[in-house]
Every structure is written in C-alpha cells, then in structure tokens.
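Engineer: In the working numbering, the protein residues as written are 46 to 272.
Think of the CB as a built atom: it goes at the ideal place given N, C-alpha and C, for glycine as much as any other residue.
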C-alpha cells in the first residue's frame, strides 16, 4: 500500500480527498502547515506528495525546492486554486511533477496519481535510491544526503556503506566485510581499519554516533544496517 502525504489546510477538501484516496487503496497522512509537513517527511517515507500551494505558514513551492535539493525524487502534485501560467511554471520549475487546478474531479486526480506512481517505480529501480529516516542514498550516482545536506565520504567509506545498505537487515560478520573491502588497487583492509571506517560512518551519518540508529553492532557477530 502506497503512503501519500497530503499538505492541505481546507478541512472540507481534506475530508473528500481522504475518502477518495482511502477508497482507492492508499494510506494517507495529513499536514495542515508546511512545518507539520517537514516533520512528517523526516519521519516517514512517502510514495507521493500532494501539496496545496498556499498554506498558513507560507507556500509549498519553497518546501518542494528543499525536498529536491535534498536528493529526494518522490513524485509531487500541486493542488491549487490558481491556473495562471506563472504559477504553473513556478510549480513545475521548482520540482513539481504535475499540477491540478481546484475544483477538480477526484477520479482525474486518482488517475494522475496512479500514472506518476507507475513512472516513479520505474525510476526508483533505475536510479537505485535508498531512503531511510534522515538519509537518502543514490547508489547509482554514489551520493549521500543527511537531512537534505550532502555527506562527503571517502571511497572506502562509501564502499562500506554500499555493502551494508545492499545487505540491509542481514548481519554481516567482520570476516565477510573484510573479504569484500579490497580497494581498486588491491590494498587489503585489515580489522583495525574496518573499525575506523565504521566509526567514521557513524560520525557522518548518525544523529548520535554512540547510539547508532542505522549501523548497528551485533555483539559477537558483526554489523547490521537498519535502513
């Protein structure tokens, strides 16, 4: 079941949209302000975003730009009462995927949602993007973001991260990890160096490195990535 984020402050419209979206098999979370939406985006992974443009604490164009600058390519549809060409252009230029003008037919909106979700699933497979908590990792481009800000990793740190992420939920022993972590020149990574890489990854990716959320130690066995 795809989880959608609806950013809208009109209660009457929220009720109608919730009914239609739930009936079509979607899970929906609602935010009524931009700040509330930011909090939900930090805590959840959504399949698609539905943003009203004008909110009590600003407009959602700026929030869309933040999301895109953070490397998140989640599909986004703007819902707005304005059909002026300048507004449409602004919405698409800041990273929106579609734009529907109020009042609209719920059937048309659901059709557009289905189309964007089909397209985005194909893109996610191609781009190999992994999202979890505050992290976004593009395994194709070799780029990592934390809370929307790029994280600089050395080649060895990035190889270790990829190894962990691709085996998410599986405990990797230190021997298994050491066996995989040869660099391009054939240099061997020893046990002490592996410990250093683990510590550095935690310092760069974790909110509290001493109490990691992602890179967990499994005592007596090795490490596990909880993405």
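Tell me whether the beta-carbon of residue 201 lies closer than 8 Å to the beta-carbon of residue 242.
Structural biologist: yes
Engineer: Take residue 103 and list the residues in its own chain whose beta-carbon comes closer than 8 Å to its own, dropping the five residues that flank it on each side.
Structural biologist: 79
Engineer: Is residue 97 helix, strand or coil when you go by DSSP?
Structural biologist: strand
Engineer: What would DSSP say about residue 220, mapped onto helix, strand or coil?
Structural biologist: helix
Engineer: List, from N- to C-terminal side, the alpha helix (DSSP H) runs of 4 residues or more that fit wholly inside the stretch 62-99.
Structural biologist: 79-88
Engineer: Return yes when the Cβ of residue 112 is within less than 8 Å of the Cβ of residue 84, no when it is not.
Structural biologist: No, the Cβ-Cβ distance between residue 84 and residue 112 is not below 8 Å.
Engineer: Along the chain, where does the beta strand (DSSP E) that runs through residue 211 open and close?
Structural biologist: It is not in any beta strand (DSSP E) - residue 211 instead sits in the alpha helix (DSSP H) that spans 200-211.
Engineer: Tell me, please, which residues DSSP counts as bridged to residue 176.
Structural biologist: The partner list for residue 176 (beta bridge, DSSP) reads 181.
Engineer: Give the secondary structure of residue 120 by DSSP, where H, G and I count as helix, E and B as strand, and everything else as coil.
Structural biologist: coil
Engineer: Can you give me the start and stop residues for the beta strand (DSSP E) that residue 266 sits inside?
Structural biologist: Taken as a continuous stretch (DSSP letters only), residue 266 belongs to no beta strand (DSSP E), as it is neither H nor E.
Engineer: Kindly indicate which residue of 97, 180, 108 has the alpha-carbon position closest to the one of residue 191.
Structural biologist: 180
Engineer: Compute the distance between the beta-carbons of residue 162 and residue 47, then report whether it is under 8 Å.
Structural biologist: yes
Engineer: Can you find at least 3 beta carbon pairs, one from the stretch 193-209 and one from the stretch 142-154, that sit closer than 8 Å?
Structural biologist: By the Cβ criterion, the stretch 193-209 is not in contact with the stretch 142-154, since fewer than three pairs of Cβ atoms, one from each stretch, lie closer than 8 Å.
Engineer: Name the DSSP bridge partner or partners of residue 194?
Structural biologist: Paired residues: 191.
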